[in-house]
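K.L.:
Chains as they are written, first to last, in the working numbering: chain A, 1 to 507; chain B, 508 to 1014.
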């Protein structure tokens, strides 16, 4: 049995176990190093940025442009973080240049209403409002950096596999979201085909970084913050292949180390619903170290239980004509919801269990590897028996659903008419969409509490001088349910820029 | 709009706004006071305990008995905390003296299996195991202090209003819990009638404390921890009617300040589901100050989103023959579940909305003030229309339920046969059990990460020297769903004792 909930032998201790004497003599329990125990700075700059994903890169770029000397550190051998592995979608709206070029009507108010009303009850209202108000400007900034978007819109569901740059990337058109705010396509994705948008976006940002004279230093892991006696963060202890170094940061440290989806112990403690998901979804750097360093320096953390969990029900779109059921054999959500909204409902509200029930016309051929086939039958009762559902429940659910669907109605979840028809025509199939059985990607959304400038805040609402956090190291705009692709990258780039300006003293 | 998520103008700042110069000169961002800024200790003892509820009182008592000098501080004018306002139930088992006297069969394994399997996926397994193993001894300790229990068992649901001292205080007999572990009555409550068990328990503990020479000092609020340069907690800044004082603690500080159900800002940030509940349930001291002081000193916090939320569906027991439905007109849980398990399902999984549908035989007369009457009708369709439920859904639910209930079966949620019969016989009534419309008590369960001795842990798994937390200031055994009455007081008294021994150096 473990002695402590958070573990006697932490990963950090293991990593530092063979280290130099300076840390060995550090007093146990001081997870942040007192400045008095730093022998000397090996190097000193104005701004130290830990992590080279979208948040860290934008922070470094803007800090440098504001005149600060900047060191951008990356623990892995390749820069780019989870951002470079992503689809590259930025959720933007309120009348961006691309929306206007494509004759899409949108306002900051509609965008704000969607995010606030269709999302969770504990969202950061102030951050969302600022983000919506400045969204057209932020998109223009991305374009100015050189990110290439095509003037093409698609109405198909899911990340465009062609070169379209604008699409409905979220839950805008599903009920009840569509009644809460005027829907608009707000997923802005670089005009490259396939899942290469994130790489394209990060290549552009790193090119700008290089032009500004900042080159990410890879293979350097930030392990511990250095605190002055007055509580100010003034540097960090890092580990490199050459050993430990003490790096001073005159103006501050920006933690941009990603989330903690690959730290199993943190996941089990903070977000057990995500720990059960089959596919930890993020770069190898998402170990929670940035969050843990901030907490050890006195930071508050927020929404640590929340995450992004995806049930990839579509594509193909014809599967949306199927129905989703829970372990009671009942429907629980509209099948045309954004797949992270469906994923949230399964992971957080249905104990991780669900099945997709298809008929001949909605069958899942083509991408069957997303979900294991659980049962096939020529009738609904046969399926229910295979799944060991409560007796009579699935038959009752399908009869009720079909009765109204045959009239073009879905009184319970108001699925859009284009996907609505009765289940009819065997073979009927049940696909297992349990979080631990299906292809069910998940990552974390909780992180350090920050203000609108990315400054890290303690539990009394005071900023910790010299400490900033961005991207998924911070508790930002994305909260659970995650209601649209592009919110995380949008938050990382937008608040990354602001943190860079703030730490450099421009703001 | 607020500038920060955690608030520019914190409660603490307001409270301290008129304060003396020592704090005014403290560097902003240093939420814990460096020892160098303490002018002099006004008083110094071995152990400082903040909070006089069950956890703080047991810690103070055991620390004193271990030879330490102890100061027990209480911010309010009356000692006892939320514990004194509670029912006084301690969840104990594994073969306590009272269980044995009443010929109740129980084992630590059965108790452990119930708590671990019927509860949430992120429980502290090590704490639960220790608690179950030592439960008979802990109960014997309570008896030895003078807590009076009667040798009387009741099988009725709910806190005994007579003088019975043993009852089924949790979800043991409801499905699926009853299939996961051998049920046993484990709610141990002082043998006094009415809701007076908590007062009886605390009177006994405070009497022992007095005999040991410790008198709670009331009206003294602990506002800030004092940190040595090596990170050790060595005292606290307190506020009294006479002004600010600096109190030194040679061996350590025990934070026993309760949870944060009365801090609306913290609730909205960390546990929005609880913020919506109609009845904040706890003593006036539950302001989150202990948790916030710990976080500011570098502590990790756990399960901050979790809580205890109660839908008091019973008494009367005959209402259990009714059915509970969600906003889709579907059943979602067995109606004979423990009412905090039902409350959790409503608050966390059903967006806060539910109705109890009664018929003539299950009607809610007697305690109708718990829930507002939402609709009355002579038929189910009429009720559904009043509630604006999805067309046909409630009729479908009731038809399915009645079909099986008439055969004595509940295939969906396996309600116990004693409560199972078809709904029949108007008038049908719908009672609103929404979290914000009904009498829906709630309190928080999240708190500081601690080890088995109550020592506070940072985000790297290291203890913070000199800092302990107990009761609802710590993340202890109770997690959500809260599956039995008495877990919180049991945790507070048991780990309170251990923390007292540990801080005094006995362990």
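Glycine residues also receive a C-beta, built at the ideal position from the N, C-alpha and C atoms.
1. Between which two residues does the alpha helix (DSSP H) holding residue 248/A run?
2. With distance defined between alpha-carbon atoms, name the residue in 123/A, 247/A, 254/A and 480/A nearest to residue 775/B.
3. Who does residue 311/A pair with in a DSSP beta bridge?
4. Measure from the alpha carbon of residue 689/B to the alpha carbon of each residue in 678/B, 697/B and 699/B, then state which is nearest.
5. When DSSP builds the beta bridges, which residues end up paired with residue 728/B?
6. In three-state terms, what does DSSP make of residue 395/A?
7. Please specify which runs of the alpha helix (DSSP H), each continuous and at least 4 residues long, are wholly inside the segment 560-613 of chain B, giving them in chain order.
8. Contact between the segment 351-366 of chain A and the segment 859-868 of chain B is defined here as three or more beta-carbon pairs at a separation below 8 Å; is this criterion met?
9. Does any C-beta atom of chain A lie closer than 7 Å to the C-beta of residue 488/B?
10. Work out the CA separation of residue 454/A and residue 93/A for me, nearest whole Å.
11. Hey, which unbroken runs of the alpha helix (DSSP H) at 4 residues or more fall wholly within the segment 699-727 of chain B?
12. Closer than 9 Å by beta-carbon distance: list the chain A residues that pair up with residue 898/B, in chain order.
13. With respect to the beta strand (DSSP E) encompassing residue 46/A, which residues constitute its N-terminal and C-terminal limits?
14. Kindly indicate which three-state DSSP category residue 657/B falls into: helix, strand or coil?
15. Measuring only the C-alpha atoms, how far is residue 208/A from residue 106/A?
16. May I have the straight-line CA-CA distance separating residue 783/B from residue 113/A, to the nearest angstrom?
17. Using Cβ-Cβ distances below 9 Å, what residues of the segment 803-830 of chain B are close to chain A?
18. Just to confirm, is the Cβ distance from residue 708/B to residue 595/B under 7 Å?
19. Quick one: list the residues of chain A neighbouring residue 620/B, beta-carbon separation under 7 Å, in chain order.
20. Mind listing the chain B neighbours of residue 280/A? Cutoff is C-beta to C-beta under 9 Å, in chain order.
21. Counting only runs of 3+ residues fully inside the segment 934-972 of chain B, write out the beta strand (DSSP E) ranges in chain order.
22. CB-CB under 6 Å to residue 534/B, same chain, minus the five flanking residues each way: which ones, in chain order?
23. Just verifying my parser: in three-state terms, what is the DSSP assignment at residue 913/B?
24. List, in order along the chain, the chain A residues whose C-beta lies closer than 8 Å to that of residue 842/B?
25. From this set, 283/A, 284/A, 261/A and 282/A, which residue's C-alpha is nearest residue 273/A's C-alpha?
26. Within the 7 Å Cβ cut-off, does residue 856/B reach chain A?
27. So with Cβ pairs under 7 Å, would you call residue 330/A a contact of chain B?
28. Taking 8 Å as the cut-off, does the segment 693-703 of chain B touch the segment 724-741 of chain B (at least 3 CB pairs, one atom from each stretch)?
29. Is the beta carbon of residue 317/A closer than 7 Å to that of residue 324/A?
30. Nearest chain B C-beta to residue 379/A closer than 7 Å, yes or no?
31. Specify the secondary structure class of residue 155/A as computed by DSSP and reduced to three states.
32. Within the same chain, show all residues whose beta-carbon is closer than 7 Å to that of residue 394/A, passing over the 5 residues directly before and after it, in chain order.
33. With which residues is residue 167/A paired in a DSSP beta bridge?
34. Please classify residue 161/A: is it buried, with 16 or more other beta-carbons within 10 angstroms of its beta-carbon, or exposed?
35. Would you check if the distance between the CB atom of residue 82/A and the CB atom of residue 283/A is smaller than 7 Å?
36. Please compile the residues from chain A whose C-beta is within a distance smaller than 8 Å of the C-beta of residue 948/B.
P.N.:
By the coordinates alone:
1. Per DSSP, residue 248/A belongs to no alpha helix (DSSP H); it is in the beta strand (DSSP E), 243-255.
2. Nearest C-alpha to residue 775/B: 123/A.
3. Beta-bridge pairing links residue 311/A to no other residue.
4. With distances taken between Cα atoms, residue 689/B lies closest to 678/B.
5. Residue pairing by DSSP places residue 728/B opposite 746/B in a beta bridge.
6. Reduced to three states, the DSSP call for residue 395/A is helix.
7. Annotation: the segment 560-613 of chain B contains the following complete segments of the alpha helix (DSSP H) (minimum length 4 residues), in chain order: 561-572, 588-592 and 604-608.
8. Contact check between the segment 351-366 of chain A and the segment 859-868 of chain B: fewer than three CB pairs, one atom from each, fall below 8 Å, which does not count as touching.
9. This structure cannot speak to residue 488/B, because chain B is shown only from 508 to 1014.
10. Distance between the alpha carbons of residue 93/A and residue 454/A is about 22 Å.
11. Runs of the alpha helix (DSSP H) inside the segment 699-727 of chain B: 704-718.
12. Those are 404, 409, 411 and 412, listed as they occur along chain A.
13. Looking at the DSSP string, the run of the beta strand (DSSP E) that includes residue 46/A is 43-50.
14. Assigned with DSSP and collapsed to three states, residue 657/B falls in coil, not helix or strand.
15. Cα to Cα, the separation comes out at about 30 Å.
16. If you take the alpha carbons of residue 783/B and residue 113/A, they lie about 20 Å apart.
17. Within the segment 803-830 of chain B, 803, 804, 805, 806, 807, 808, 809, 810, 811, 812 and 813 place their CB atoms closer than 9 Å to a CB of chain A, listed in sequence order.
18. Yes, the pair counts as a contact, with Cβ atoms nearer than the cut-off.
19. One finds nothing in chain A with a Cβ atom closer than 7 Å to the Cβ of residue 620/B; even the nearest lies about 16 Å away.
20. Using a Cβ-Cβ cut-off of 9 Å, residue 280/A is close to nothing in chain B; its nearest Cβ partner there is about 16 Å away.
21. With a minimum length of 3 residues, the continuous beta strand (DSSP E) runs that stay inside the segment 934-972 of chain B are 935-939, 948-951 and 962-964.
22. Legend: pLDDT at residue 534/B = 36, less than 50; position of this residue unreliable, value from coordinates given subsequently. Nothing meets the Cβ criterion.
23. In the structure shown, residue 913/B sits in coil (DSSP, three-state: anything other than H, G, I, E or B).
24. Ordered by position in chain A, no residue passes the 8 Å Cβ test against residue 842/B, which lies about 14 Å from the chain.
25. When 283/A, 284/A, 261/A and 282/A are compared, the shortest CA-CA separation from residue 273/A is found for 261/A.
26. Cβ-Cβ to chain A under 7 Å: yes for residue 856/B.
27. Interface residue, yes.
28. Result no; under three Cβ-Cβ pairs closer than 8 Å.
29. Taking 7 Å as the cut-off, the beta carbon of residue 324/A is found no closer than this to the beta carbon of residue 317/A.
30. Chain B has no Cβ within less than 7 Å of the Cβ of residue 379/A.
31. If DSSP states are grouped into helix, strand and coil, residue 155/A belongs with coil.
32. Correct list, in chain order: 325, 329, 380, 383 and 384.
33. As a beta-bridge residue in DSSP terms, residue 167/A pairs with 154/A and 187/A.
34. Counting Cβ neighbours within 10 Å, residue 161/A comes out exposed, since fewer than 16 surround it.
35. For the pair residue 82/A and residue 283/A, the CB atoms are nearer than the 7 Å cut-off.
36. What residue 948/B touches in chain A: nothing, since even the nearest Cβ is about 19 Å away.
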